[in-house]
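*Asks:* There's a structure below that I have some questions on.
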Amino acid sequence: MLRRILTNALMWLVLIIAVVWTVIPVMWMISLSFKTYGEWRTPSLLPRNPTLDNYIMLFSPQALGIFIAYTAILEPIVGPLSRTLIISATATVIAVMIGFFTAYGASRYNSPGPFTLFFTLLTRMLPPATFVTPIVIYFTTLYLIDNIIGLILLYAATTVTYAIWILKGFIDAIPVEWEEAALLEGASPLQVLFKVIIPIARPGLVVAGLFIFLMAWTELLFALVLTNLNVPLSVQVSKYVTAVGALWGVQAAAALLSSIIPLVIGYLIQRHLITGFTFGLVRG
Amino acid sequence: MSSRVVVKLENVTKRFGDVVAVNNISFEVYRGELFSLLGPSGCGKTTTLRIIAGLEQPDEGRVYIEGVDVTKMPARERKACLVFQEYAVFPHMSVYENIAFGLKVKKLPKAEIDKKVKEVAEILELSSYLNYKGGRLGLSEQQRVAIARCLVVEPKLLLLDEPLTLVDAKVRERMRRELKRIQRELETTMIYVTHDQLEALMLSDRVAVMRSGRIVQMGTPEEIYDNPKDLFVATFVGSPTMNLVEGVLELEENKLVLKTPSYKYILSKEVESNIIQSLLGSEVVVGFRPEDAEVRNDGVLEGTVKLIEIVEDRKILHIKINEDEVRVFVDLLAPFTEGQKVKIRINPLKLHIFEKKTGRKLLKGVVSG
Chain A
1 MLRRILTNAL MWLVLIIAVV WTVIPVMWMI SLSFKTYGEW RTPSLLPRNP
51 TLDNYIMLFS PQALGIFIAY TAILEPIVGP LSRTLIISAT ATVIAVMIGF
101 FTAYGASRYN SPGPFTLFFT LLTRMLPPAT FVTPIVIYFT TLYLIDNIIG
151 LILLYAATTV TYAIWILKGF IDAIPVEWEE AALLEGASPL QVLFKVIIPI
201 ARPGLVVAGL FIFLMAWTEL LFALVLTNLN VPLSVQVSKY VTAVGALWGV
251 QAAAALLSSI IPLVIGYLIQ RHLITGFTFG LVRG
Chain B
1001 MSSRVVVKLE NVTKRFGDVV AVNNISFEVY RGELFSLLGP SGCGKTTTLR
1051 IIAGLEQPDE GRVYIEGVDV TKMPARERKA CLVFQEYAVF PHMSVYENIA
1101 FGLKVKKLPK AEIDKKVKEV AEILELSSYL NYKGGRLGLS EQQRVAIARC
1151 LVVEPKLLLL DEPLTLVDAK VRERMRRELK RIQRELETTM IYVTHDQLEA
1201 LMLSDRVAVM RSGRIVQMGT PEEIYDNPKD LFVATFVGSP TMNLVEGVLE
1251 LEENKLVLKT PSYKYILSKE VESNIIQSLL GSEVVVGFRP EDAEVRNDGV
1301 LEGTVKLIEI VEDRKILHIK INEDEVRVFV DLLAPFTEGQ KVKIRINPLK
1351 LHIFEKKTGR KLLKGVVSG
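Sequences listed follow chains A and B, in order. Take this note's numbering: the final residue in the first sequence is number 284, and no numbers are missing along the way. Take this note's numbering: the final residue in the second sequence is number 1369, and no numbers are missing along the way.
The following block contains the structure:
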C-alpha cells in the first residue's frame, strides 16, 4: 500500500517536473507577447497592462512609429510566414513523394537493396554544420542563395531519408496479399498503388509529412546562412534580437505565431496521427 | 486439348534459390470440378497455385488456361482469381466497395456494378454486411467477402489458398458446405489448396496429394483414402492415422507370415504366389485403418486396452499388442475399460503392405489364414 502511494507520488512528481519544464517557457512566451515595452524585462507572469502592440508590430512595423532603429529588420511578418509555408509544404510534398516510391520499391522488390537503402542514412550521420560550406558554394553557383527554391530543394533532400524509413515501416506492414488480390481482380499496377496501397498507407504518409513539415518549419541554420532578404519565419524570429537591441515582446509574439500553425495542423490531422503511431501495434 | 480442360500444367518446376519448391508436376483440371492440392506445409502446393494465378513464374514448364498458353501472361489478364488464407479483404473499404473493386477497376457502369455486387452478396449471405468496413469483419465474414470479390469478376477459375484454415472449427464446417454448394450452383472450376486432409476429402471431386514439390498421388477422395499409393499418402490421409506394423514377410508351413520382433501375423497363401515369392524376406510395413479392424472374440491378435478416446459418435481403443500399439474404432456405447484384454480381427481385404525402404505400396488386401 505504502509502496503504491510512493510510486504514485513519484510518478506525479516526474509529471509535474515535465509539465513545468515544457509549459513554463510557453506561458512565459505568451505573457511576454502581451507585455508593453517597459514590462519586457520584469519577471511577472501576468502582464500588468496587456497590449496588442507587439502583434501590430509584427504585421505592420511602421504603424506605431517607434523603434526606427530597427527598420532594417522590420519586414511585416506576412512575408516570412508565407515563404515558410510555401517552403515547408513544397519540401514536404517532394520528400514524402520520393520517400514513398523509394520505400515501396525497397519494401516490395528489395531494390535498391538493403545496403543501398542504409546509405540514405549517411546524410544524417554528420552534423548539418559540416555541410554548410559546400552547400553555400553549390548554391552560389546555382543562383539559389536567397531563393526559396534553394531551401525547398535542400529541405526535401535532407528529410527524404526520414520519409523513406518511416514509410518503409508502414509499407512493410501492408500484406502483399492485398496487392496480389487487387491484381488478380484485374487492377493495373497503378490502380493497385492508388486504390490500395496509398489509402492504406495514408496514416504513414501523414506521420512522415508532419514530421518533415515540422523539420522544415523550424530549420534555422541553413536558412540563416542561405538567405538574405527573402528570409523564412525561423530567421525572422531570430532577427528581433540584434546587436542594436532586443525586441523581446515582438519576438515572443513572432515565436508564438510560428508555433501556433504547426499546432493547428497537428490538431487537424490528429485522427490520422493516432492511427499512424499505433499502426504497427494494433494489427498484431 | 479437350475443351473440358480448364487448367493444364505441363512439367512445371519452380526453384527458390537451391530449394525446388515445385518439381516437374503436370496435371489437368476439368470444367466445373473442385480439385484439391493436399499436402503438408512446404510441399509446394501454394507455389503451384500461385504459378497458376500468375503470381509466380515457373522456371520450367507451361501453364495453360482454357487451352491458351498463359505461362508468360501477367496475372491480371488470366481471369484466375485467388482467395488468400489471410488479408483478403481491403480494410479501408466497405464490404460493398470490396466486392465492387474488381468491377470498378474495369470501369463498368455503376448500375451494372450495383446489380452484380448485390447478386453475389446474396449468394454469400453478405447482404446485411454491405456497409461494414472491411477491417471490422470477423474472419469467416472476411473470407466470404474474399470469395465474393472473386466471384463477382466471373473468373474462369477460382483458386483458394487454405481459405478456411484460420476460421473457427464450427464455422469452418458450415463454410465447407457453403463452398461446395456455391461451387455446384455456379459450376465454378475451383482449385483448392489445403493441408487438412479431411477438408480435401470432403470437398473435392479429385485430390492431388503433394510432397516435397511432387504429386505423389492423384485421384478421387475415395481412391486416395482406400488405395493410397505409398506410406506417405496412407499416413497423411485419414484421422486417426492408419495403424502401421513393421516386419518381415516369411513363408511358414505354406502360409505367408508377417514376422515382427514380437509377434507373427498369418497371411493367406491365396495371394498370387508370384507376388509373394518376390516379397519373401523383404522388410515391409503393414497398415490398416482403425475402422478396418474389429474387436471380437475370435480375433487372432490379442492385446490390452491402454486408452479409450471418444471421437464424435465412436470410441477409439488404443490397444497394445506386444510392442505395437494400434487404434481400433468401436461403438460409442461398447463397454470397454482400460486395462481390459481384447482380441481383434483385421479385415484382410483392407490390409496394405508397403515396402519399408521406399514406402511404395506392394499390395493391398490379402485373405487371412
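Heads up, the beta-carbon is just placed ideally off N, CA and C, and yes, glycines get one too.
#1: Does any residue of chain A have a CB that is nearer than 8 angstroms to the CB of A1121 of chain B?
#2: Beta-carbon separation of E1355 of chain B and L1362 of chain B under 8 angstroms?
#3: What are the start and end residues of the beta strand (DSSP E) that includes F1329 of chain B?
#4: Jot down the residue ranges of each uninterrupted alpha helix (DSSP H) in the region 1128 to 1178 of chain B, minimum 4 residues, whole runs only, in chain order.
#5: What three-state label does DSSP hand I77 of chain A in the structure shown?
#6: Thinking just about the alpha-carbon of each residue, which of B:Q1217, B:K1107, B:E1223 and B:L1103 is nearest to the one in K1116 of chain B?
#7: Grouping DSSP H, G and I as helix and E and B as strand, with all else coil, what is I1114 of chain B?
#8: Is any beta-carbon of chain A found at less than 8 angstroms from that of Y1087 of chain B?
#9: With DSSP run on the structure shown, which of helix, strand or coil describes M57 of chain A?
#10: Against chain B, does A173 of chain A count as a neighbour if the rule is that its beta carbon must be under 8 angstroms from one of theirs?
#11: Compare the C-beta of A182 of chain A with all C-beta atoms of chain B and state if any pair is closer than 8 angstroms.
#12: Quick one: is V1007 of chain B buried, meaning 16 or more other Cβ sit within 10 Å of its Cβ, or exposed?
#13: Just tell me which of B:V1207, B:L1159, B:T1189 and B:A1146 has its CA closest to the CA of G1054 of chain B.
#14: Quick one: which unbroken beta strand (DSSP E) runs of 3-plus residues sit fully inside the region 1239 to 1312 of chain B? Chain order, please.
#15: Can at least three beta-carbon pairs, one atom from the region 255 to 269 of chain A and one from the region 165 to 179 of chain A, be found at a separation below 8 angstroms?
#16: First and last residue of the beta strand (DSSP E) that includes V235 of chain A?
#17: Return no unless some Cβ of chain A is closer than 8 angstroms to the Cβ of R1345 of chain B.
#18: Please identify, using Cβ separations under 9 angstroms, the residues of the region 1024 to 1055 of chain B that lie next to chain A, in order along the chain.
#19: With respect to the alpha helix (DSSP H) encompassing L210 of chain A, which residues constitute its N-terminal and C-terminal limits?
#20: Helix, strand or coil: which one does DSSP assign to I145 of chain A?
#21: Is any non-hydrogen atom of the ligand FMN found closer than 7 angstroms to the C-beta of R4 of chain A, if you look at the structure I gave you?
#22: Could you work out which residues of chain B lie near I149 of chain A, taking near to mean beta carbons separated by less than 9 angstroms?
#23: Please state if the CB of L151 of chain A and the CB of I87 of chain A are separated by a distance shorter than 8 angstroms.
#24: First and last residue of the beta strand (DSSP E) that includes Y1217 of chain B?
#25: When we look at the beta-carbon of E1252 of chain B and count the other beta-carbons within 10 Å, is it buried (16 or more) or exposed?
#26: Mind checking which residues open and close the beta strand (DSSP E) that includes R1206 of chain B?
#27: Looking at T1321 of chain B: is its Cβ nearer than 8 angstroms to the Cβ of V1305 of chain B?
#28: Taking the alpha carbon of R1360 of chain B as the point to measure from, which residue in B:E1154, B:N1098, B:E1283 and B:P1261 has its own alpha carbon closest?
#29: Can you name the residues of chain A whose CB is closer than 8 angstroms to the CB of V1095 of chain B?
#30: By the criterion of Cβ-Cβ separation under 9 angstroms, what are the contact partners of S188 of chain A in chain B?
#31: For L1038 of chain B and A1200 of chain B, which I take to be in contact (beta-carbon distance under 8 angstroms), what is that distance rounded to the nearest angstrom?
*Replies:* With the structure as the only source:
#1: no
#2: yes
#3: Counting along the chain, the beta strand (DSSP E) containing F1329 of chain B begins and ends at D1324 to D1331.
#4: 1139 to 1152
#5: coil
#6: B:L1103
#7: Note on residue identity: the sequence assigns Asp, not Ile, to residue 1114 of chain B. Helix at D1114 of chain B.
#8: yes
#9: Looking at M57 of chain A - three-state DSSP - the assignment turns out to be helix.
#10: Closer than 8 angstroms: no.
#11: The beta carbon of A182 of chain A sits closer than 8 angstroms to some beta carbon of chain B.
#12: buried
#13: B:L1159
#14: 1243 to 1252, 1255 to 1259, 1264 to 1267, 1283 to 1288, 1293 to 1295 and 1301 to 1311
#15: no
#16: Counting along the chain, V235 of chain A sits inside no beta strand (DSSP E); it lies in the alpha helix (DSSP H) bounded by residues L233 to K239.
#17: no
#18: R1050, A1053, G1054 and L1055
#19: I198 to T218
#20: coil
#21: Ligands in the displayed structure: none, and consequently the ligand FMN is not present.
#22: Those do not exist, as I149 of chain A stays about 36 angstroms from chain B at its closest Cβ, beyond 9 angstroms.
#23: yes
#24: The displayed chain sequence assigns Gln, not Tyr, to residue 1217 of chain B. Residues R1214 to G1219.
#25: Label assigned to E1252 of chain B: exposed.
#26: R1206 to R1211
#27: It should be pointed out that residue 1321 of chain B corresponds to Ile in this sequence rather than to Thr. Not a contact, by the Cβ cut-off of 8 angstroms.
#28: B:E1283
#29: Simply none; closest approach about 15 angstroms.
#30: R1076 and V1105
#31: Confirmed, Cβ separation roughly 4 angstroms.
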